[in-house]
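A quick write-up on the structure given underneath.
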Amino acid sequence: MARPYPHCALCPRLWPLLIAAALIAAAAMLPACSKQREPASPASTPLQPSAIQASATTPPAADPDPVARGKYLVTVGGCNDCHTPWKLGKNGPEPDYSRLLSGHPANLKLTPPAAAADPKTGWAWAGAITNTAFHGPWGTSFTANLTPDEDSGIGIWTEKMFIDTLRSGRHWTSGRPIMPPMPWFNYAKLTDEDLKSIYAYLRTIPPVRNRVPEWMPPAKDVAKAPAGEGQTESAATTPQ
Ligand code: HEC
């Protein structure tokens with residue numbers, strides 16, 4: 002059997018010593034740990050696992066204005082990271098808020114992604130310069146237009162459709178699974194009130210006409226298509 006540390010001739014003999022030292026150290030910490038487990042006021046032990054869990058499952062008092070609360074949740078929930086196309090700013094890439102939450106720009110020509118998306122290289126996936134298209138083992142996914150545009154955004158979505166989509170992880174028209182890297186499984190844990198607030202906020206942002214391409218499964222995705230061919234929708238749309 003290969004030794005885990007071939008360069009270290011002493012290692013096999015050191016192991017028992019190291020394990021003993023670790024056990025002694027752990028034993029020395031036990032009183033401290035059990036002391037910490039005693040009930041204490043939440044303020045004095047803010048980093049207790051139980052406290053973290055409590056704060057994750059018990060949201061802070063909601064802003065009475067659902068739109069303001071929704072804006073806050075969209076901001077901290079990182080929706081702009083993927084659904085607002087990025088541009089190169091003074092300090093590097095940043096969301097282009099003039100295209101707020103309008104999804105992958107349909108007119109952006111993409112060539113097949115670099116070898117970075119080949120797992121054999123140690124890299125699993127690649128993202129477009131706008132951070133709105135992602136290529137990986139799931140094919141190529143494009144972030145949805147979340148603006149209230151009725152033709153290319155979520156303008157015709159009801160509140161129920163929106164909540165059901167984020168709770169089920171199913172694309173609302175076809176029922177197919179929502180692809181990575183959309184972390185719907187995190188948002189599925191938001192309360193109904195929070196999801197309603199996000200929906201309420203999304204109704205108030207400027208509508209942008211931008212018909213995002215449909216997800217491409219691995220067999221026929223942009224990696225295999227000649228440059229630009231994956232963007233068949235692009236000619237028909239004018240993002241603003
Ligand atoms: C890490 C990137 C990422 C983040 C963060 C993200 N999304 Fe997405 N989202 C995506 C991608 C990619 C898709 C397209 C997935 C597909 O086509 O299967 C998507 C799709 C969607 C859809 C459409 C689902 C459908 O049925 O077509 C909705 C709605 C959505 N996201 C809402 C949100 C909201 C709200 C937030 C923030 C709370 C958010 N997303 C954050 C990447 C992201």
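Residues in the sequence shown are numbered from 2 upward in steps of one, following our numbering.
Where is the CB? At the ideal position from N, CA and C, for every residue including glycine.
{"Query": "Exposure label - Asn108; buried when at least 16 CB within 10 Å", "Result": "exposed"}
{"Query": "8 Å Cβ cutoff met for Thr179 and Arg171", "Result": "The residue you asked about is not Thr; residue 179 is Ile in the sequence shown. For Ile179 and Arg171, yes; Cβs fall inside 8 Å."}
{"Query": "Of the residues Gly154, Ala129 and Ala69, the one placed nearest Pro208, counting alpha carbons only", "Result": "Gly154"}
{"Query": "Backbone CA spacing between Ser99 and Ala125 [nearest angstrom]", "Result": "31 Å"}
{"Query": "C-alpha gap between Arg212 and Pro106, whole angstroms", "Result": "8 Å"}
{"Query": "Enclosing alpha helix (DSSP H) for Gly71 [first to last residue]", "Result": "Pro67 to Val77"}
{"Query": "Where Thr141 falls: helix, strand or coil (DSSP)", "Result": "strand"}
{"Query": "In DSSP terms, what Arg171 is bridged to", "Result": "Pro178"}
{"Query": "Separation of Ile199 from Ile164, as counted between CA atoms", "Result": "10 Å"}
{"Query": "Between the CA atoms of Gly123 and Asn132 - distance to the nearest angstrom", "Result": "20 Å"}
{"Query": "Rounded C-alpha distance that separates Leu242 from Lys121", "Result": "With the chain covering only 2 through 241, there is no way to say anything about residue 242."}
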